[in-house]
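Notes to accompany the following structure.
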Amino acid sequence: MNTARAELLKLVTLPALALTVALTWVVTALITLAAEGGPDPIPPARAGFLVLGVLAATSEYDGAQIRTTLLCSPRRARLHVTRSLVLALLTVPVAVVTVLLAGTGDPVYLVLTTLLAAAVGTLLRHALAAVVVVLGYYYVLGPFVRDRFDDGLWLPAAWTVAALTAATVAVARRDA
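With positions in the sequence shown counted from 1, the corresponding number in the numbering used here is that position plus 988.
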């Protein structure tokens, strides 16, 4: 429980996350108001959730605070699972508000988007590289692959589970 509290405190007090959430909401609301009956406001909102996940995962690597975290929580796999659960719980209300502002979309999909981005951020440990990879996946590779499969609806969940599993294994096995 202490690990969950610590992770919650770290995420809630990270200014970049609050700014990302605020910008995501503002952009979603503006697109919804400006383009009523026009383009779907969820794709730009999805970019905000991608950045949110990457920042949540890579913020400790940038300043080397991850070393302190790993000293305090030596069970690395458990730490990563806890961190992912806390991020998911924090993302749910943000996703619900975003979907309400947009008038369309699925909050579960936005939570999965955030978790996938966090897993990629954990694997790469660099925010810029992770943002490039997840944006490339979601806007280029994802639609291409989804159109080729009959069960494309389940691909976001499958990719998220695979990425979270890989990230958990990587955190458990490598040095900070």
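Don't be surprised by glycine CBs; every beta carbon is placed ideally from N, CA and C. Note that the structure is predicted; figures quoted are calculated from it, not measured.
- Taking 4 residues as the minimum length, the alpha helix (DSSP H) runs contained wholly in the segment 1052-1129 are 1054-1060, 1064-1090, 1095-1112 and 1115-1124, in order along the chain.
- For Thr1079 against Thr1046, the beta-carbon gap comes to about 16 angstroms, at or over 8 angstroms, which does not count as contact.
- Comparing alpha carbon positions, the residue from Leu1043, Leu1088, Ala1106 and Val1084 closest to Val1069 is Ala1106.
- Where Ala1044 is concerned, the enclosing alpha helix (DSSP H) starts and stops at Ile1030 to Asp1050.
- Here the alpha carbon of Thr1110 sits roughly 8 angstroms from the alpha carbon of Val1159.
- Membership of Ala1022 in the alpha helix (DSSP H) is indicated by the continuous run Pro1003 to Ala1022.
- When DSSP states are grouped into helix, strand and coil, Arg1161 belongs to the helix group.
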